[in-house]
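Contents: one structure, followed by commentary.
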């Protein structure tokens, strides 16, 4: 696509620049700032590999003999994932930038160029420091399978809820045959119905119930297939994590999705706890000194921690003893669960990082070239 230069670049021998990128489905808009915050130029490129290369070459030409210190990219998990991956592979520092402040947008207006400039200024000013996920390994595979599984589970729930509602309004003779059955028996009975020609309300009800029941069965089979894949992937990717009490394939998958394929971007166990919404938030005022539960963070990961904690509270003796001791000390069940989620976040972080370091050692060992046999040396 054509270049859109807002301010012509000066002939500079060497300069340090930061590039902000506002990403879209078919095109990206970039704005370059120098190290003092002065706007240099803007560029409009296609959202494909040719456009990514064009953007990199444009930024390098603006830097001259200097360098591009960082790229601030919006939407690194959606429209910007391809650009972020390309820039990272070519050795550039990529920073994930959140959407701009709405109050600022109302005051100063909104355009793609302004959004790209805001992204660059967020990086230059230090407001944006997060390293995006690399999305090029097993964690990305887990994320994709998990999406398919979760949507299938929602559709399965919707199918049986709709089926039961249809039974309530079915003709009396059919409703009486299906009333009082367990979920499994109801699905099996409805799946075996033979509606014949749809010439009456009873036949149409049988047809609908049979369709919903078969949909439920198909989705159930699909979910089992997804669960098998997730179990294999999580065991292979993080065996230490899977060895934890109460951490099954679903919980491990949710946690590994949060870490991504470059878990070193989560710099500490405290940062991981905050990312999961499991760290306490100060709620003090005046003479009081207290904390409250965090409502921020990755809610699916927080729910995964909660499920694992509930399992441990029932079947893990050290956790059972901890709950009893803290209850005697006067803590509510809600506060005890908050503490346990914080402890579990620390344990998970250590397990994931242990497996990550082990993979790095194996990769480093494999990359070392073995000495070649030289007959002339003997």
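Residue numbers (the working numbering): 1484 to 1861. C-beta atoms are modelled at their ideal positions from N, C-alpha and C, and glycine is treated no differently.
Applying the criterion that 16 or more other CB atoms from any shown protein chain within 10 Å of the CB defines a buried residue, is residue 1524 buried or exposed? In the chain shown, residue 1524 corresponds to position 41, counting from 1. Buried, because 16 or more other Cβ atoms sit within 10 Å of the Cβ of residue 1524.
Which residue marks the beginning of the beta strand (DSSP E) containing residue 1690, and which one marks its end? For the purposes of this step, residue 1690 is taken as the residue at position 207 of the chain shown. From DSSP, residue 1690 is part of no beta strand (DSSP E) but of the alpha helix (DSSP H) over 1684–1720.
Quick check: the stretch 1532–1543 against the stretch 1614–1621, are there 3 or more CB pairs under 8 Å? no
Could you say if the stretch 1731–1747 and the stretch 1637–1656 meet the contact criterion of at least three C-beta pairs nearer than 8 Å? no
Alpha carbon to alpha carbon, what distance is there between residue 1692 and residue 1674? If you number the chain shown from 1, residue 1674 lands on position 191. If you number the chain shown from 1, residue 1692 lands on position 209. Straight-line Cα distance between these residues: approximately 7 Å.
Here's the rule: buried if 16 or more other CB atoms are within 10 angstroms of the residue's CB, otherwise exposed. What is residue 1604? Indexing the chain shown from 1 puts residue 1604 at position 121. Looking at its Cβ environment, which holds 16 or more other Cβ atoms inside 10 Å, residue 1604 is buried.
Along the beta strand (DSSP E) that carries residue 1499, what are the first and last residues, could you check? Walking along the chain shown from the start, residue 1499 turns up at place 16. 1499–1506 is the span of the beta strand (DSSP E), which, as asked, contains residue 1499.
Which one of 1513, 1832, 1780 and 1843 has the shortest CA to CA distance from residue 1749? Position 266 of the chain shown, counted from the start, is the residue given in the question as residue 1749. Nearest of 1513, 1832, 1780 and 1843 to residue 1749, Cα basis: 1832.
Would you kindly check if the distance between the Cβ of residue 1716 and the Cβ of residue 1688 is under 8 Å? Within the chain shown, the letter at position 205 stands for residue 1688. Within the chain shown, the letter at position 233 stands for residue 1716. Not in contact: residue 1688 and residue 1716 (Cβ atoms no closer than 8 Å).
Assign residue 1843 to one of three DSSP states: helix, strand, or coil. As a position in the chain shown, residue 1843 is number 360, starting the count at 1. If DSSP states are grouped into helix, strand and coil, residue 1843 belongs with the helices.
Residue(s) in a DSSP beta bridge with residue 1678: Reading the chain shown from its first residue, position 195 is the one you call residue 1678. Residue 1678 pairs with nothing; no bridge assigned.
Mapping the DSSP letters down to three states, classify residue 1610 as helix, strand or coil. Working through the chain shown from its first residue, we reach residue 1610 at position 127. Residue 1610: coil per DSSP, three-state reduction.
What are the partner residues of residue 1526, as DSSP defines its beta bridges? Translated into the one-based positions of the chain shown, residue 1526 becomes position 43. Paired residue(s): 1513.
What are the start and end residues of the alpha helix (DSSP H) that includes residue 1808? On the chain shown, residue 1808 is found 325 positions in, with the first residue counted as 1. Run containing residue 1808: 1800–1811, per the alpha helix (DSSP H) assignment.
By alpha-carbon positions, which one of 1712, 1666, 1718 and 1805 ends up nearest to residue 1696? As a position in the chain shown, residue 1696 is number 213, starting the count at 1. Considering only alpha carbons, the answer is 1666.
Within 10 angstroms of its Cβ, does residue 1629 collect 16 or more other Cβ (buried), or is it exposed? In the chain shown, the residue the question calls residue 1629 occupies position 146. Buried, by the Cβ-count rule.
Between the CA atoms of residue 1579 and residue 1597 - distance to the nearest angstrom: The residue given as residue 1597 occupies position 114 in the chain shown. The residue given as residue 1579 occupies position 96 in the chain shown. One C-alpha to the other measures close to 17 Å.
First and last residue of the beta strand (DSSP E) that includes residue 1728? In the chain shown, residue 1728 corresponds to position 245, counting from 1. Here residue 1728 belongs to no beta strand (DSSP E), and DSSP marks it neither H nor E.
Which residues does DSSP pair with residue 1771 in a beta bridge? Within the chain shown, the letter at position 288 stands for residue 1771. Bridge partners of residue 1771: 1768.
Can you tell me the Cβ-Cβ gap for residue 1760 and residue 1785, rounded? I've got them flagged as a contact below 8 Å. Here residue 1760 refers to the residue found at position 277 of the chain shown. Here residue 1785 refers to the residue found at position 302 of the chain shown. Confirmed, Cβ separation roughly 4 Å.
For residue 1595, is the classification buried or exposed, using 16 other Cβ atoms within 10 angstroms of its Cβ as the cut-off for buried? Residue mapping note: residue 1595 aligns to position 112 of the chain shown, counting from 1. Flag for residue 1595 reads buried.
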